[in-house]
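Residue numbers (the numbering used here), protein chains in the order written: chain G, 1 to 162; chain U, 1001 to 1262.
Beta carbons: idealized from backbone N, C-alpha and C, even for Gly.
Bear in mind that the values here come from a model prediction, so they are computed numbers and not experimental data.
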Ligand SMILES: Cc1cc2nc3c(=O)[nH]c(=O)nc-3n(C[C@H](O)[C@H](O)[C@H](O)COP(=O)(O)OP(=O)(O)OC[C@H]3O[C@@H](n4cnc5c(N)ncnc54)[C@H](O)[C@@H]3O)c2cc1C
Ligand code: FES
Ligand code: FES
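Here it is, written out as structure tokens:
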């Protein structure tokens, strides 16, 4: 079987995969990083979103071998090494941006990409960016509020740092 | 999914050689092909991933043309042609969602020629040229019906050349569950006339609405197409809309596109 190697959350990993092994299968079953969820397996729901070379993608819709040599970040790589929540994660907690939590890893990964690309998004831009992430519990309002709060906090951190 | 071998060539020449084998198929961004494989609607023996081929990616603007590498993702197109060809950038920006746009490619979209896909409308309305590893194909000859194109077995789209129009707009009504167009119209005005391409509507896929083109070439204003309606014969009828509804939308979308193109 072919070998695949990549850097996941800063750690070099490798393993044997088949041609048809999806990246999400390699992450969950190969590396036991089960924070990345599979909601639909048909590229619709966004529960499986991870970052590959800095871009958010649906890990159920890319083969593991296509990420050979890539830098991959999963939800497990978002918190600090001491377990402290990222600004986005903390905002989801504070603003109750989750209920069952199934969609949450994908939502946090997506929100993190959004704020990197667009540090001060409007409400409409946030909703537009969440187009590929489905939540069956919250009704989205609190997710949007959490992202707005995270944007504001990251913005004031940036001002403070200048 | 059935089992297959996946190879990642580094050049177009290597990919073409790999695709010459029986049962081999190109893999672009996989945003259409992977779901198809999961549903066991295709069973290639070998997938030739184009994702590792640097020469297939990139956008260049030269004079009144935009050239886009066949392996360029939608997100890159949205970003890189925003100044040179805003209507094309806006089309790319509205495909699916951010994650799909980071993977899906223009070559994959044109090769697939889904009757509801966005890029075929831009290519046909712009009079684009589809460049492959062996020839150049005019958009007017390229699209050959639902999921059918002029591509031969194993032929790879290496580049797409878009002439830049004087004014253009892509008007799309989104089918909210799939995020594909329910009906969308691309209007492009050139010095020698107006081209109007319609996607999402017809059983045979993307087509040019020639009556609207004639009216708009004489007078580029929404009122020029006010009385015109597309024929509902051959339009798609499904749970999202009847053929008559789609035919009606074509007129509405065309008028809106002309108004927005200005
Ligand atoms: C949730 C979701 C929403 C979407 N919304 C939209 C939308 O709004 N509008 C829209 O237009 N599309 C939409 N798409 C489809 C998306 O744009 C795909 O990226 C596109 O249709 C296929 O491109 P790909 O690179 O992923 O190709 P793949 O899926 O890899 O391949 C598709 C076909 O093209 C062939 N192929 C791939 N690249 C080449 C090449 N360079 N030369 C020759 N053949 C090639 C493959 O062999 C295969 O037959 C959506 C997809 C998803 C999952
Ligand atoms: S599990 Fe990947 S998009 Fe739903
Ligand atoms: S919190 Fe349950 S699906 Fe989003």
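Output the distance between the C-alpha atoms of residue i and residue j, rounded to the nearest integer angstrom.
i, j, result
"residue 1229 of chain U", "residue 1166 of chain U", "25 Å"
"residue 159 of chain G", "residue 22 of chain G", "41 Å"
"residue 1087 of chain U", "residue 1199 of chain U", "15 Å"
"residue 1051 of chain U", "residue 15 of chain G", "21 Å"
"residue 150 of chain G", "residue 1223 of chain U", "47 Å"
"residue 83 of chain G", "residue 105 of chain G", "15 Å"
"residue 1124 of chain U", "residue 1173 of chain U", "19 Å"
"residue 1045 of chain U", "residue 142 of chain G", "46 Å"
"residue 58 of chain G", "residue 108 of chain G", "13 Å"
"residue 1238 of chain U", "residue 161 of chain G", "56 Å"
"residue 51 of chain G", "residue 136 of chain G", "23 Å"
"residue 64 of chain G", "residue 19 of chain G", "8 Å"
"residue 114 of chain G", "residue 1001 of chain U", "32 Å"
"residue 1252 of chain U", "residue 1259 of chain U", "11 Å"
"residue 1193 of chain U", "residue 1217 of chain U", "5 Å"
"residue 1029 of chain U", "residue 47 of chain G", "19 Å"
"residue 62 of chain G", "residue 1105 of chain U", "13 Å"
"residue 1113 of chain U", "residue 1033 of chain U", "12 Å"
"residue 60 of chain G", "residue 30 of chain G", "14 Å"
"residue 1015 of chain U", "residue 1142 of chain U", "22 Å"
"residue 43 of chain G", "residue 1041 of chain U", "16 Å"
"residue 33 of chain G", "residue 1244 of chain U", "50 Å"
"residue 1006 of chain U", "residue 153 of chain G", "44 Å"
Taking 7 Å as the cut-off, is the beta-carbon of residue i closer than that to any non-hydrogen atom of ligand 3?
i, result
"residue 93 of chain G", "no"
"residue 98 of chain G", "yes"
"residue 129 of chain G", "no"
"residue 1085 of chain U", "no"
"residue 1195 of chain U", "no"
"residue 36 of chain G", "no"
"residue 104 of chain G", "yes"
"residue 1199 of chain U", "no"
"residue 1127 of chain U", "no"
"residue 136 of chain G", "yes"
"residue 1104 of chain U", "no"
"residue 101 of chain G", "yes"
Please confirm whether residue i and residue j have their CB atoms less than 8 Å apart.
i, j, result
"residue 138 of chain G", "residue 98 of chain G", "yes"
"residue 1012 of chain U", "residue 1133 of chain U", "yes"
"residue 45 of chain G", "residue 134 of chain G", "yes"
"residue 1235 of chain U", "residue 1201 of chain U", "yes"
"residue 1247 of chain U", "residue 1231 of chain U", "yes"
"residue 1195 of chain U", "residue 1214 of chain U", "no"
"residue 1101 of chain U", "residue 1078 of chain U", "yes"
"residue 1180 of chain U", "residue 1090 of chain U", "no"
"residue 17 of chain G", "residue 4 of chain G", "yes"
"residue 1064 of chain U", "residue 1164 of chain U", "yes"
"residue 49 of chain G", "residue 8 of chain G", "no"
"residue 1205 of chain U", "residue 1146 of chain U", "yes"
"residue 1157 of chain U", "residue 1111 of chain U", "yes"
"residue 1061 of chain U", "residue 1024 of chain U", "no"
"residue 74 of chain G", "residue 36 of chain G", "yes"
Which residues in chain G sit within 9 Å of residue i, going by Cβ to Cβ distance?
i, result
"residue 1047 of chain U", "19, 20, 63"
"residue 1041 of chain U", "Correct list: empty, because the minimum Cβ distance to chain G is about 12 Å."
"residue 1146 of chain U", "Simply none; closest approach about 21 Å."
By the criterion of Cβ-Cβ separation under 7 Å, what are the contact partners of residue i in chain U?
i, result
"residue 55 of chain G", "1102"
"residue 129 of chain G", "1098"
Is residue i close to ligand 1? I mean its beta-carbon at under 7 Å from any heavy atom of the ligand.
i, result
"residue 1032 of chain U", "yes"
"residue 1180 of chain U", "yes"
"residue 1255 of chain U", "no"
"residue 53 of chain G", "no"
"residue 1204 of chain U", "no"
"residue 1177 of chain U", "no"
"residue 1119 of chain U", "yes"
"residue 1247 of chain U", "no"
Quick one: is the Cβ of residue i within less than 7 Å of any heavy atom of ligand 2?
i, result
"residue 60 of chain G", "yes"
Could you tell me which chain U residues have their CB closer than 8 Å to the CB of residue i, listed as they occur along the chain?
i, result
"residue 58 of chain G", "1099, 1100, 1103"
"residue 46 of chain G", "1097, 1099"
"residue 113 of chain G", "1098"
What does residue i touch in chain G if you count any residue whose Cβ is under 8 Å from its own?
i, result
"residue 1005 of chain U", "19"
"residue 1035 of chain U", "42, 43, 61"
"residue 1038 of chain U", "41, 42"
Note down, in chain order, every chain G residue with its Cβ under 7 Å from the Cβ of residue i.
i, result
"residue 1263 of chain U", "Beyond the ends of chain U as shown, which are 1001 and 1262, falls residue 1263 of chain U; an answer cannot be given."
"residue 1166 of chain U", "Neighbours of residue 1166 of chain U on chain G: none; closest Cβ ~29 Å, over 7 Å."
What does residue i touch in chain U if you count any residue whose Cβ is under 9 Å from its own?
i, result
"residue 108 of chain G", "Within chain U, no residue comes near residue 108 of chain G; the closest Cβ sits about 14 Å away, beyond 9 Å."
> Quick one: complete beta strand (DSSP E) runs, 3+ long, within the region 1127 to 1188 of chain U?
Replying inline: 1129 to 1132, 1136 to 1138, 1157 to 1163, 1167 to 1174
> If you scan the region 1011 to 1063 of chain U from start to end, which runs of the alpha helix (DSSP H) of 4 or more residues do you find wholly inside it?
Replying inline: 1012 to 1019, 1033 to 1038
>> My parser needs the beta strand (DSSP E) runs of 3 or more residues fully inside the region 70 to 123 of chain G; what are they?
In response: 71 to 73
> At what residue ranges does the region 1197 to 1238 of chain U contain a whole run of the alpha helix (DSSP H), taking only runs of 4 or more?
Replying inline: 1210 to 1218
> Considering only residues of the region 1060 to 1123 of chain U, which uninterrupted alpha helix (DSSP H) runs meet the minimum length of 4 residues and lie entirely inside it, listed in chain order?
Replying inline: 1074 to 1080, 1086 to 1093, 1098 to 1103, 1106 to 1112
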